Amino acid sequence: GYVLTEERGQTVMEQVLNLRRQCDANATIQKMYRRRHKEWLDWDDVQRTRLTCLERLEAAATPKQTHALLQDALMISLHSVTPPDRVGVIRRLMLDVTLRRIADSDEEGAEEADEGSEGDWWIDLTASKHKTSRFYGPAMTRISDLVAPLIDRWLESKALIHEFEFEYTSGQYLFSTGADHRAYSISQWTAAIKAAFGRHSP
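By my numbering, the letter at position 160 of the sequence shown is numbered 163, and the numbering carries on one by one without gaps.
This is the structure in structure tokens:
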């Protein structure tokens with residue numbers, strides 16, 4: 004247990020700090036014995052998983068294989084290159100709403116790029132666009148150059164595979180399911196991410 008010391012001369016703040024040190028020390032000891040989940044990946048393994056998936060993507064022989072590996076690579080990369088503050092941010096990325104291509108790399112006063120033009124991909128969590136901003140403040144996060152090309156390739160592949168169902172329009176989810184291309188549910192997304200990492204992890 005923990006002991007709240009009341010030594011003479013100690014202020015309340017000093018007593019609280021002493022209690023905090025006891026908690027930290029106990030937590031450190033517990034970590035030494037705590038069992039890790041059998042599917043735990045440390046950060047090095049996460050990066051190896053990403054690189055393995057990218058290697059398999061470049062070796063894909065058919066459009067169908069390429070499409071499946073592009074989805075895996077993009078899912079894994081978005082969670083391992085610039086991890087989001089909340090997993091739901093990636094799950095519900097919407098084209099031209101929370102996922103925008105911006106011509107100017109500076110978000111201050113940047114104008115949206117014309118369709119098909121060059122520009123950086125940004126995750127846009129401003130107050131009017133996403134509920135996260137109500138609790139953590141508005142944010143604009145530039146997508147890494149390690150990930151941005153995968154978005155372009157994924158959208159091209161998605162348009163090819165779903166030729167008569169999908170086209171690049173505002174309001175489409177980056178990751179979607181079903182004939183109506185709705186967003187993944189939380190359980191569907193958890194299963195998809197777990198499966199993607201499982202297919203390519205060491």
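Positions of the beta carbon are idealized from the N, C-alpha and C atoms, including for glycine.
Here the structure is a predicted model, which means the values were calculated and not measured.
Classify Ala-142 as helix, strand or coil using the three-state DSSP reduction.
-> strand
Of all the alpha helix (DSSP H) runs that stay within the bounds of the region 48-110, which reach a length of 4 or more residues?
-> 66-83 and 90-94
Specify whether the region 72-86 and the region 149-167 touch according to this definition: at least 3 beta carbon pairs, one from each stretch, less than 8 Å apart.
-> yes
Near Ala-142, which residues of its chain fall below 6 Å by C-beta distance, leaving aside the five closest residues on each side in sequence?
-> Leu-128
Where Leu-20 sits in the DSSP three-state scheme = helix
Who are Trp-43's beta bridge partners in DSSP?
-> For Trp-43, which the question treats as bridged, DSSP gives no partner whatsoever.
Do you know offhand how far Gln-68's Cα is from Leu-22's?
-> 56 Å
Tell me whether the beta-carbon of His-70 lies closer than 8 Å to the beta-carbon of Ile-164.
-> yes
First and last residue of the beta strand (DSSP E) that includes Asp-127?
-> 123-128
Please name the residue, chosen from Gln-50, Val-19 and Pro-66, that lies closest to Ala-162 on a Cα-to-Cα basis.
-> Pro-66
Would a C-beta distance cut-off of 8 Å place Tyr-176 and Met-97 closer than the cut-off?
-> yes
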